[in-house]
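Each protein sequence line maps, in turn, to chains A and B. Quick note, in my numbering, the first sequence goes up one by one and the last residue is 321. Quick note, in my numbering, the second sequence goes up one by one and the last residue is 1073. Yeah, the Cβ is synthetic: ideal placement off N, Cα and C, and Gly gets one too. First comes the structure, then the notes that go with it.
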Amino acid sequence: MTEFDLSETAEEVLASLWVAEEESDEHSLSLEDLSPSESEEALRELSDAGLASGSSGRLTLTEAGRKAARSIIRRERLAERLLADVLNVGDAVVTEAACKFEHLLRKGIDDEICTLLGHPKVCPHGNPIPPGECCREGARAARTVVSALADMSPRQAGVIAYIHARRRPMLQRLLAMGAVPGAPVMLLQRFPSFVFQLGQGQVAVDRETARDIYVRITGKRPAAQPPLSFSPRARGFRFRRGRRDRS
Amino acid sequence: MGVPALEFVRDLLTGRRHCETCPLAAPAIERKLILVGPPNVGKSVIFNILTGSYVVVSNYPGTTVEVARGRARIGDVLLQVLDSPGAYSLAPSSEDERVARDLLVEERPDLVLHVVDAKNLPRMLPLTFQLIEAELPVALDLNIIDEAARAGLSLDPEQLADDLGIPVIATAAATGVGMDRMRALLSDPPSQPTSFQVDYPPPIESAVQRIVLLLREHSDVATKAVAFLLLQRDDGTWQRVSRLAPEAVAGIERIVAETEDHYNPPLSFPIALARQRAADRLAGRALSARPRSVPQGVGERLGRLAMHPLAGIPILVAVAYFGLYLLVGRLAAGVVVDFLDQRLFEGYINPWCSAFVERILPWPTWVSLFVGEYGLITLGLRYAVAIVLPLVGAFFLLFALLEDSGYLPRLALLLDRLFKQIGLSGRAVIPIILGFGCDTMATLVTRVLESRRERLIATFLLALAIPCSAQLGVILGLLSSHPAGLMIWGGVMVAVFLISGFLASRLLPGETSRFYLEIPPMRWPSLRNVGAKTFARLRWYAAEVIPVFLLASVVIWIGQLAHLFQLAVAAIRPAVHIVGLPDAAGEAFLFGFLRRDYGAARVFDVHSAGAISGVPLVVAMVTITLFVPCIAQFLVMVRERGVRTALAVAAIVLAFAFSVGYFLNLVLITLQVQI
């Protein structure tokens, strides 16, 4: 019996168990935390599949169950990202829709979605997405939809999808500088620091910060930006001068 | 270290004091104006034009950490003008933004002029909204309107004024465009509050209203702005609120937690989004032309080249060659110092003063205080005026040119990766480069750095491995005839800088700061600003460092008189011998603490006397460059970092200097290097 044959309710119980274990430092769930409808059917299903074991009113994940649960959480949170960043589904609907969506994401497809989304580290609610093989390999798709600024190529353009910032001052400053979700950006250079066009200004960030800014890719190599050339132009040396038009 | 009398004279000279004391001034209406806005939008230029006094104007985020105050007179209105540090938001994310915010809270201004970069209007308006939410009397100045026009943008200030319900003007302060309109606005600011509101999502809007109601019951500051800061969990605002009645604090905490449940914390996101949407909408209405997506032109091209990893290095070399070598090295250290020192002082002032003092003072001991070997005039003043001021002045001029052109932020992004290795971020380029001018001032400027760890590492490196321009001038002069020696000296300094920085970053706990910086466009430096900055820094130098410098002459005089010097020289003799130097060099080290360049200059004297050359000369130069910071720098270290840290840094630097000297001597002798 594979994990994919589990019922929706059983998957939800697995997911709650995993969250309890990984994110709240409890190692089991009390059966009373589960709703009556969940407990009956789903518990039997889980214990039959060898994914969870119950004793003295508490439910614990088995090793196999832990693996299955991690994969469920990963798919669920990737689905949330997909809905929020690419399909622009409103915040209220994301969680509910993602649950349904998750069941459709079969194993293997989640890595492709993950690559498409630029290997996101957190779901729209800020909870971590368990990394998959693709994240460790740093896989890059031929065409990504969402990408960390650090993975973009020069002159690639897009709009900021979200910023994953653990440091508040940095987040505040970036937001205040106008790097808000929805702001159009274009990467100008990658080395030695990342520089991107933001509105009429330019912002430089280091690699670590560039990894935290996720961009929904909209276009590549727009014609407006000429390639950077070293050849001196006939125009001569003309600065944008500090003192200019007389009124 | 401020000298009250000097400050008074300085204020009189710069017109800061005459308004208060001049009896002829007619009674006037007093108003207080605060200039607010992000870095690089010309706030300080406006300040200079309004007040006519000088302030450090900066093209680099954060250099105006100290608030400049000046006075202006427009008609019969007397304006007190405050120039706040660059700030993007009322929710501070750095020390300078905190200063700007506190200023707005504490100073109770009659008018807040929000100065913005017109071409970036959509990114600038969110702060205008926050100022309105803070119920401040705000007006908006679309500055650098000429750059916006060149980018193909046309703005309608009246439309914006209608939408915002506050006065809006358009200016190009650097060229004086629109300044009449600004003066008219400042002399007669409107007093009607605006009814403008940003549309926030309902949960946030309701939370803000509930918090404001709670605040109104318990506090005298109950604005929407405070509510928003609380929602964003701003530390400073929460601290202030925690002093209110417990039930108010609990109530606010409950509202904030509830709202956070609605969203995914932090709430900064939905708030920033709502503001940005409103800003985009208003800017869209005020803009009557679509911009070109990326500004073009040679300045832009050069700006891109200066950030390019390959092209950036030749540009850096060119800046160092033309700026440091030609301007500071050849022109200032060569031509100007030669003229002032050799011609003016040696030729006229010293002989004349000596003759004069010897005639009026019959006691030889007192004569030596003024005109002896270490006399106040013949040594102290001569060094200050003829050697140090030209060098430091030339360096400050260069620095101001680089700052105003927008080159420094580009240098910061070029060097960020390298600096990360020594525990600093690209931001630290500013204090480190400034250190080549004056390490004392640079130690003060480490305030712009984000974390305590970064400030400490920068302070340490400035004390150890960055020679100031006075010292640099003497060393370059001395070693210019020994190219091999100069190479060894330079190599050792770079190595010590990198290795000690690397060690410090490994030994000090904590993470390296992130680097994120807005890169302003390359602009042709305005001579007015460059002059104002150079003059402001020189004035600071004259007031803060020169007195210490003169004091050092007196200390030396007393030391000589009481034979304390011989004792001290004898005390450090063993250390001097360890690095293979003759007795005569001991005095140089002692002087080096009083003034960094004194030390090098004494080595010069010892060299001239033929007592030192070749390997010992290079070893002496390296050791004395690394050797303890001068008194002025040490005092600033104490003030900025605390006594214990300052003493620890000095002790480590001392040990480091002599160890490096010892090993360098050993290596050079073993390899039988001929210099």
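Per DSSP, the beta-bridge partners of Lys-430 (chain B) are B:Gln-478. Counted as a single uninterrupted DSSP element, the alpha helix (DSSP H) harbouring His-660 (chain B) occupies residues 644-660.
Straight through space, the alpha carbons of Gly-773 (chain B) and Trp-955 (chain B) are spaced by roughly 7 Å. When the beta-carbon positions are compared, Val-1036 (chain B) and Ala-1044 (chain B) come within less than 8 Å of each other. Just so you know, the alpha carbons of Leu-612 (chain B) and Tyr-598 (chain B) end up roughly 20 Å apart.
In the displayed model, Met-260 (chain A) falls within a strand according to three-state DSSP. In the three-state reduction of the DSSP assignment, Ala-549 (chain B) falls in the coil class, being assigned neither a helical nor a strand state. DSSP places Asn-446 (chain B) within a helical segment (H, G or I) once states are collapsed to three. Residue pairing by DSSP leaves Pro-807 (chain B) without any beta bridge partner.
Boundaries of the alpha helix (DSSP H) harbouring Glu-186 (chain A): 183-190, taken from the DSSP string. Taken in chain order, the members of the segment 251-270 of chain A whose beta-carbon sits within less than 8 Å of a beta-carbon on chain B are Met-251, Gly-252, Val-254, Pro-255, Gly-256, Ala-257, Met-260, Leu-262, Gln-263, Phe-265, Pro-266, Ser-267, Val-269. Taken in chain order, the complete alpha helix (DSSP H) segments of 4 residues or longer contained in the segment 540-624 of chain B are 543-548, 555-562, 577-585, 600-616. When B:Arg-521, B:Val-977, B:Ile-1073 are compared, the shortest CA-CA separation from Ala-677 (chain B) is found for B:Arg-521. In the DSSP assignment, the residues bridged to Gln-276 (chain A) are A:Gln-271, B:Ile-917. Looking at the DSSP output, Gly-468 (chain B) bridges to B:Val-479. A Cβ-Cβ separation of about 15 Å leaves Tyr-939 (chain B) out of contact with Val-726 (chain B) under the 8 Å criterion. In the structure shown, the three-state DSSP call for Tyr-288 (chain A) is strand. With the criterion set as a beta carbon lying under 9 Å from some beta carbon of chain A, the members of the segment 802-817 of chain B are Asp-802, Ser-803, Pro-807, Arg-808, Ala-810, Leu-811, Leu-812, Leu-813, Asp-814, Arg-815, Leu-816, in sequence order. The beta carbon of Val-928 (chain B) lies closer than 6 Å to those of Ala-798, Leu-799, Asp-802 in the same chain, with the five residues before and after it left out. Within chain A, the residues whose beta carbon sits less than 8 Å from that of Ala-489 (chain B) are Gln-246, Ala-250, listed in sequence order.
The residue from B:Lys-517, B:Asp-481, B:Leu-809 with its alpha-carbon nearest to that of Ala-466 (chain B) is B:Asp-481. Annotated three-state conformation of Ala-253 (chain A) is coil, per DSSP.
Residue contact with chain A for Ser-666 (chain B): present (Cβ-Cβ distance below 8 Å to some residue of chain A).
Taking a 10 Å sphere around the C-beta of Lys-517 (chain B), we find 16 or more other C-beta atoms and assign the residue as buried. Ser-878 (chain B) is outside the set of residues whose beta carbon lies under 8 Å from a beta carbon in chain A. With 16 or more other CB atoms across the displayed protein chains lying within 10 angstroms of its CB, Val-514 (chain B) is buried. Cβ-Cβ distances below 7 Å link Ala-792 (chain B) to Leu-725, Val-726, Leu-729, Ala-730 in the same chain, with the five nearest sequence neighbours on each side left out; the list follows chain order. Our two residues, Ala-171 (chain A) and Ser-145 (chain A), have alpha carbons roughly 18 Å apart in a direct line. By DSSP's assignment, Ala-222 (chain A) forms a beta bridge with A:Tyr-288. Classified as exposed, Arg-741 (chain B) has fewer than 16 neighbouring CB atoms from the shown chains inside 10 Å of its CB. Under the 10 Å beta carbon count, Ser-924 (chain B) is surrounded by 16 or more other beta carbons and is classified as buried.
Check the Cα spacing between Gly-871 (chain B) and each of B:Trp-922, B:Val-619, B:Pro-788, B:Ala-753: the tightest is with B:Pro-788. Sixteen is the threshold: since fewer than 16 other Cβ atoms of the shown chains lie within 10 Å of the Cβ of Arg-850 (chain B), the residue is exposed.
Interface with chain B (8 Å Cβ-Cβ cutoff): Asp-280 (chain A) is included. Looking at the backbone, the Cα of Ile-1073 (chain B) and that of Arg-210 (chain A) are separated by about 55 Å. Per DSSP, reduced to three states, the secondary structure at Val-1071 (chain B) is coil, with no helix or strand assignment.
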